[in-house]
Structures are given as structure tokens and as C-alpha cells.
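Worksheet: the structure to be examined is printed underneath.
So this is what it looks like as C-alpha cells:
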């Protein structure tokens, strides 16, 4: 899909049904010259873009924004369990993610796990991504986890075969 520009072409997911904008399973999604807006929700729905199976997401000259900045986001912007993601000359703007330490479900701008293949990010700005905890961990819980901290935020890689970051800015 090629838009007319980031200010002229805006795509949004619908929050009332808690669905993603796109779910790719074994195919390829290419988005160029567009703005993506993610709705915030109290319940986890995966993410704005889901990648499952051996598919690919290719974003070029795309701006990703949260629709309701006052609400903490409980879902990922991009959630991948397999496949490949290429992000070039994009901007991921302000988002605040809400994570629960006691939950196995966490959220971030980009979250990759399971049999994920490759993440390549080039000439991209990722700005003002933050995570707030509900039920924050106690010192004892952190000690029990061998001081491994985790809580979402910008990019969470639980598993990947290849990572490439080139000329990226985290602001």
C-alpha cells in the first residue's frame, strides 16, 4: 500500500472491537508514505500490526502515532512471532505502555518472540517511549529473578536470528 504522504494518508485500527490494523501470516505487507495511528485500549489485543508465520512487514517513510496519548497502551505497536520486519526512514512517536510485572503479557513499540527471524531498522527515529508498571516488582521478586529487569518500552526482543540497527535515533 502506498499513500500520498504521511499527512494525507492515515490508517487507524478500530478499538471498539480491539482488532489490529493488519495480521500477516506468510505474506508480505508493504506500507509506504503513510501515517499509522494506534488506538489505546484497556485490554491486550496483540498490536496494531501482527506478524505470524513466515511473513514480512516492510515499512518505508511511515509515521506511527498513538491516537489517545492520555491513555497508557496495553498492546504492542508491532508484534511478531515469526518472519521478518524491515523499517526504513520511519518515525515511531510518543507512547506510554502499561505493563504488569505479574503478567506474562508485556507491551512495547516492537515486540519479537518465539520463532522471529530478522529485524532491520534503518534511519528511523523512535521517540518518547515509556513504560509504567502496575503492580511493580518488590526487591525480593527482582532478587528471585536474578536481577533480570524487564518491562517493555521501545523494543523487546525475546528471540531473533538477526538484528540490524543503522542510523537510528532513540530520543
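Numbering (this note's numbering), first residue to last: 1291 to 1461. Each residue gets a CB set at the ideal place from its N, CA and C atoms; glycine is no exception.
Asked                                                                                                                                                                          : Found
Below 8 Å, can you find three or more Cβ-Cβ pairs linking the region 1324-1331 to the region 1390-1397?                                                                        : no
DSSP has residue 1459 in a bridge; who is on the other side?                                                                                                                   : 1415
Please return the same chain residues whose Cβ sits closer than 7 Å to the Cβ of residue 1445, not counting the five positions on each side in sequence.                       : 1398, 1399 and 1400
For residue 1414, is the classification buried or exposed, using 16 other Cβ atoms within 10 angstroms of its Cβ as the cut-off for buried?                                    : buried
Once DSSP output is grouped into helix, strand and coil, what is the label at residue 1403?                                                                                    : strand
Tell me which residues share the same chain as residue 1314 and place their Cβ nearer than 8 Å to its Cβ, disregarding the 5 neighbours each side in the sequence.             : 1339, 1340, 1341, 1342, 1343, 1345, 1346, 1347 and 1373
For residue 1448, count neighbouring C-beta atoms within 10 Å of its own C-beta (all shown protein chains included) and say buried if the count is 16 or more, exposed if not. : exposed
Nearest to residue 1419 by alpha carbon, out of 1460, 1408 and 1370?                                                                                                           : 1460
According to the neighbour-count rule (16 or more other Cβ atoms, all chains shown, within 10 Å of its Cβ), is residue 1417 buried or exposed?                                 : exposed
At the level of alpha carbons, what is the spacing between residue 1437 and residue 1321?                                                                                      : Residue confidence for residue 1437 is low, a pLDDT of 49 falling below 50, so the modelled location carries little weight; the figure read from the coordinates is stated next. Straight-line Cα distance between these residues: approximately 39 Å.
Count the other CB atoms, across all protein chains shown, that sit within 10 Å of the CB of residue 1422; report buried if there are 16 or more and exposed otherwise.        : exposed
What does DSSP give as the partner residues of residue 1388 in its beta bridges?                                                                                               : 1422
Relative to the alpha-carbon of residue 1456, which residue among 1376, 1311, 1334 and 1383 has its alpha-carbon at the smallest distance?                                     : 1376
Less than 8 Å between the C-beta atoms of residue 1450 and residue 1410, yes or no?                                                                                            : no
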